[in-house]
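Residue numbers (the working numbering), protein chains in the order written: chain B, 2 to 375; chain P, 133 to 413.
So the structure is just underneath, and the comments pick up after that.
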Amino acid sequence: MAVDERIQQSLERAAESSGTPDIRLDRITKSFGDIIAVDDLSLEIPRGSFFALLGPSGCGKTTTLRMIGGFEEPTAGLIYLGEREVSGTPPYKRDVNTVFQSYALFPHLSIFENVAFGLRRKGTRGGNLKGKVEEMLDLVQLSGYGKRKPRQLSGGQQQRVALARALVNSPRVLLLDEPLGALDLKLRKEMQLFIKRLQHDVGITFIHVTHDQEEAMTMADRIAVMNEGQIEQLGTPDELYERPQTAFVASFLGISNLLTGAVAGPDEVRLEDGTTVRVRNGSLNGRKGRVAVGIRPEKIRPDDHDPNRLPGKVKERAYIGVSTQYIVETPNGNITVVVLNDRPGTVPLGPGDRLTLSWDPEATFVVDSLEGSA
Amino acid sequence: MSSIAVPTAREPNFLATVLAVVRRHVLTVYSFLFFAYLLLPIAVVMIFSFNNPTGKFNYTWQGFTWDNWRYWDGVPGIRSAIFLSLEIAVVASVIATALGTMIALALVRYGFRGRATTNILIFLPLSTPEIVLGASLLTLFLNLSFVTFGFWTILIAHIMFCISFAVVTVKARLVGFDRHLEEAAMDLGANEWTTFRKVTLPLTAPAILAALLLCFAISIDDFVVTYFNSGSEVTFPLFVWGAARIGAPAQVNVIGTAIFVVALAAMLVNVVFQRRREVRA
Chain B
2 MAVDERIQQS LERAAESSGT PDIRLDRITK SFGDIIAVDD LSLEIPRGSF FALLGPSGCG
62 KTTTLRMIGG FEEPTAGLIY LGEREVSGTP PYKRDVNTVF QSYALFPHLS IFENVAFGLR
122 RKGTRGGNLK GKVEEMLDLV QLSGYGKRKP RQLSGGQQQR VALARALVNS PRVLLLDEPL
182 GALDLKLRKE MQLFIKRLQH DVGITFIHVT HDQEEAMTMA DRIAVMNEGQ IEQLGTPDEL
242 YERPQTAFVA SFLGISNLLT GAVAGPDEVR LEDGTTVRVR NGSLNGRKGR VAVGIRPEKI
302 RPDDHDPNRL PGKVKERAYI GVSTQYIVET PNGNITVVVL NDRPGTVPLG PGDRLTLSWD
362 PEATFVVDSL EGSA
Chain P
133 MSSIAVPTAR EPNFLATVLA VVRRHVLTVY SFLFFAYLLL PIAVVMIFSF NNPTGKFNYT
193 WQGFTWDNWR YWDGVPGIRS AIFLSLEIAV VASVIATALG TMIALALVRY GFRGRATTNI
253 LIFLPLSTPE IVLGASLLTL FLNLSFVTFG FWTILIAHIM FCISFAVVTV KARLVGFDRH
313 LEEAAMDLGA NEWTTFRKVT LPLTAPAILA ALLLCFAISI DDFVVTYFNS GSEVTFPLFV
373 WGAARIGAPA QVNVIGTAIF VVALAAMLVN VVFQRRREVR A
């Protein structure tokens with residue numbers, strides 16, 4: 002497999018244009034009757050990136066993907082593939098390929114013919130066709146499976162055929178619609194790394210739709226967190242995790258402790274019980290009135306080492322192995338704390354034990370206080 | 133079952149023993165009776181195709197002969213009747229299946245105004261008594277002064293009642309059809325027509341073939357609707373009807389047997405083919 006050649010090709014493609022994004026969505030809206038699935042969404046996806054659209058079911062992520070693929074037309078707004086606007090262009094004239102959630106392999110065709118389907122439409126024939134298909138089957142570690150029918154393959158193998166069938170066409174962008182949803186946990190973990198490596202090798206832009214935050218963080222370079230048809234926040238996995246800008250993002254990606262309070266000075270927030278805590282410099286960002294201070298569970302210490310402190314009482318303890326998770330009752334509500342079990346012989350705290358929690362102001366983030374988010 | 137035998141064991145009773153045997157074999161006996169009921173008329177048709185009747189009537193066994201098979205078209209009119217029936221059945225089933233497939237696709241795929249109504253209307257010819265269909269079609273044709281009864285009126289009538297069967301058969305298959313397969317084809321560069329040819333059609337083919345055979349079978353033996361709308365043309369069922377009034381010749385049994393054998397062979401081929409596909413899978 003000439004991986005170097007593929008990297009070379011992708012470099013050439015990158016050199017051809019002057020940093021034009023592969024996909025640009027310009028104020029896209031899609032409504033189905035009264036329901037607005039995608040609401041005035043704008044987005045640019047840079048060339049060669051692994052981009053994830055992450056959100057709960059019904060947030061509009063799949064609809065967005067289907068509009069890029071050409072299976073749905075936006076009610077309003079424009080879609081650009083490179084420099085070309087593609088509204089009204091049918092799927093078969095768009096330089097994108099899709100890996101469907103159900104794989105949608107053609108049951109009446111062999112694995113070889115499934116992968117060859119796109120090439121045949123372009124008029125590739127004979128040895129050239131055979132060479133390309135076999136090279137691609139080799140890339141997804143399925144050489145020798147060409148004569149079988151899809152139903153004779155396992156779920157993971159079918160998934161890889163779906164990838165091969167799409168990638169063999171060297172599209173500008175590969176769209177993946179919840180591609181790992183049907184696989185069991187172990188296989189899913191394997192495929193996450195496999196797909197990430199594949200993307201790195203072929204250098205094609207991947208857009209990956211998922212509701213699984215861990216999957217998105219493992220695989221993608223950049224993630225757009227979607228909620229109710231809009232993008233809540235766009236950024237790298239660590240940006241989204243360390244500095245979520247909304248309560249929704251904070252609670253959708255991992256566990257967050259959100260303490261409500263009121264702005265009490267530059268970089269200071271007074272919590273509901275009157276305790277004043279410091280936040281990261283500039284993170285209030287001009288906010289006034291009620292806000293929520295967020296701290297990730299692993300950034301809180303069960304001692305008074307750090308400047309921000311709260312007294313509490315252990316309510317529940319769960320031993321997870323690598324760490325122990327505590328639910329601690331405080332005057333500002335329950336706080337989840339995760340303590341790494343990296344010191345042998347440490348006596349764990351039990352329910353009812355009193356303790357002081359502390360954390361570094363640098364470990365905090367601030368979001369708007371929302372009803373119902375705690 | 134066994135507990136019933138306990139009280140009778142004390143005083144062996146003939147009636148009880150018989151009843152016990154019947155109880156044990158009741159399903160077998162019932163099945164035999166059922167198949168006898170189902171197959172006896174066909175057996176009679178077959179046997180009497182080898183009869184050598186002395187007079188007009190082919191109702192009592194007179195002796196064995198191959199003559200009826202050798203001279204299968206030895207009765208005036210039977211040959212043209214058979215060919216007319218075959219011709220109409222082929223044309224009607226092909227047109228009805230083509231139209232029915234398109235209607236089924238529309239009904240399953242597209243939400244349009246009046247879809248529910250169309251669904252009900254499609255079922256109407258299936259539930260309307262044939263005699264009503266035939267008679268009302270006759271009235272319609274009579275009112276259209278330019279219509280002359282014959283081949284075309286029979287064909288129109290047959291296509292009409294076959295369409296519903298074709299729609300129902302193809303629809304059943306399309307309901308379970310994964311739409312993503314067609315989207316995948318288009319995604320891979322196939323336009324609408326290529327998608328239909330390469331994906332939709334091959335996957336729907338078994339249902340379309342079934343619809344075709346069903347329509348053929350219904351058309352070739354239709355009597356009631358044809359009787360009303362045939363004018364002076366005579367199809368095979370009409371020929372049999374006419375012949376029976378003066379004494380049906382044994383050739384009628386020959387044709388009947390031949391049709392049965394062909395249908396049986398087609399069915400067996402289908403079963404074998406399906407088995408092979410399953411084994412390969």
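All C-beta atoms, glycine included, are put in the ideal place defined by N, C-alpha and C.
The alpha helix (DSSP H) enclosing residue i, as first and last residue numbers
i, result
"K303(P)", "F283 to V307"
"R198(B)", "L186 to V203"
"V116(B)", "I112 to R122"
"V177(P)", "F146 to F180"
"I378(P)", "F368 to I378"
"P312(B)", "That residue, P312(B), is in no alpha helix (DSSP H); its beta strand (DSSP E) goes N309 to Y320."
"I328(B)", "Run containing I328(B): none in the alpha helix (DSSP H); it sits in the beta strand (DSSP E), S324 to T331."
"R288(B)", "Where R288(B) is concerned, there is no enclosing alpha helix (DSSP H), given that its DSSP letter is neither H nor E."
"D139(B)", "G127 to L140"
"G232(P)", "I210 to R241"
Amino acids of chain P, ordered along the chain, whose beta-carbon sits closer than 8 Å to that of residue i
i, result
"A53(B)", "Here the premise fails: no neighbours, minimum Cβ distance about 20 Å."
"N98(B)", "D319 and L320"
"R122(B)", "L320, G321, A322 and T326"
"N129(B)", "None at all; the shortest Cβ gap to chain P is about 16 Å."
"N170(B)", "L320 and G321"
Cβ-Cβ distance between residue i and residue j below 8 Å
i, j, result
"Y104(B)", "A163(B)", "yes"
"E216(B)", "L181(B)", "yes"
"L143(B)", "R161(B)", "yes"
"N98(B)", "A53(B)", "no"
"P1(B)", "P22(B)", "Missing from the structure shown is residue 1(B); chain B here goes from 2 to 375 and no further."
"G321(P)", "Y81(B)", "no"
"R310(B)", "S252(B)", "no"
"V278(B)", "L272(B)", "yes"
"G363(P)", "T260(P)", "no"
"I214(P)", "I350(P)", "no"
"I291(P)", "A224(P)", "yes"
"F293(P)", "L265(P)", "yes"
"V250(B)", "V226(B)", "yes"
"V315(B)", "L260(B)", "no"
"T219(B)", "E179(B)", "no"
Paired residues, beta bridge with residue i - DSSP
i, result
"T211(B)", "L55(B)"
"I263(P)", "The partner list for I263(P) (beta bridge, DSSP) is empty, contrary to what the question assumes."
"G78(B)", "Paired residue(s): none; G78(B) is not in a bridge."
"I36(B)", "F33(B)"
"I224(B)", "A53(B) and G236(B)"
"P91(B)", "None; P91(B) has no bridge partner."
"R302(B)", "S359(B)"
"R407(P)", "The partner list for R407(P) (beta bridge, DSSP) is empty, contrary to what the question assumes."
"E97(B)", "The sequence as given places Val at residue 97(B); Glu does not occur at that position. V174(B), per the DSSP bridge assignment."
"N275(P)", "Paired residue(s): none; N275(P) is not in a bridge."
Under 9 Å from the C-beta of residue i: neighbouring residues of chain P
i, result
"H306(B)", "Simply none; closest approach about 55 Å."
"G156(B)", "Ordered by position in chain P, no residue passes the 9 Å Cβ test against G156(B), which lies about 16 Å from the chain."
"P91(B)", "M318, N323 and E324"
"F72(B)", "E315, M318 and D319"
"G432(B)", "For chain B, the structure presents residues 2 to 375; residue 432(B) sits outside this window and is missing."
"R166(B)", "A316 and L320"
Whole-Å CB distance - residue i paired with residue j, under 8 Å assumed
i, j, result
"A298(P)", "V357(P)", "Actually they are not in contact, since the Cβ atoms of A298(P) and V357(P) sit about 16 Å apart, beyond 8 Å."
"I208(B)", "L55(B)", "The pair is not a contact, with the Cβ atoms about 11 Å apart (cut-off 8 Å)."
"A183(B)", "G204(B)", "About 27 Å separates the two Cβ atoms, so there is no contact after all."
"K330(P)", "A236(P)", "Not really, about 19 Å apart at Cβ, beyond 8 Å."
"P303(B)", "L350(B)", "7 Å"
"G209(P)", "V366(P)", "6 Å"
Beta strand (DSSP E) segment containing residue i, residue limits
i, result
"Q382(B)", "Look at the range of chain B in this structure, 2 to 375, and you will see that residue 382(B) is not part of it."
"F33(B)", "I24 to F33"
"S359(B)", "R355 to W360"
"I336(B)", "G334 to L341"
"V270(B)", "E269 to L272"
Contact list for residue i against chain P, beta-carbon separation under 7 Å
i, result
"Q109(B)", "Looking at the sequence shown, residue 109(B) is not Gln but His. Those are P334 and L335, listed as they occur along chain P."
"R161(B)", "Residues of chain P passing the Cβ test: none, with the nearest at roughly 15 Å."
Chain B contact residues for residue i, given Cβ-Cβ distances below 7 Å
i, result
"D310(P)", "S103 and A105"
"L313(P)", "A105 and F107"
"V331(P)", "F107"
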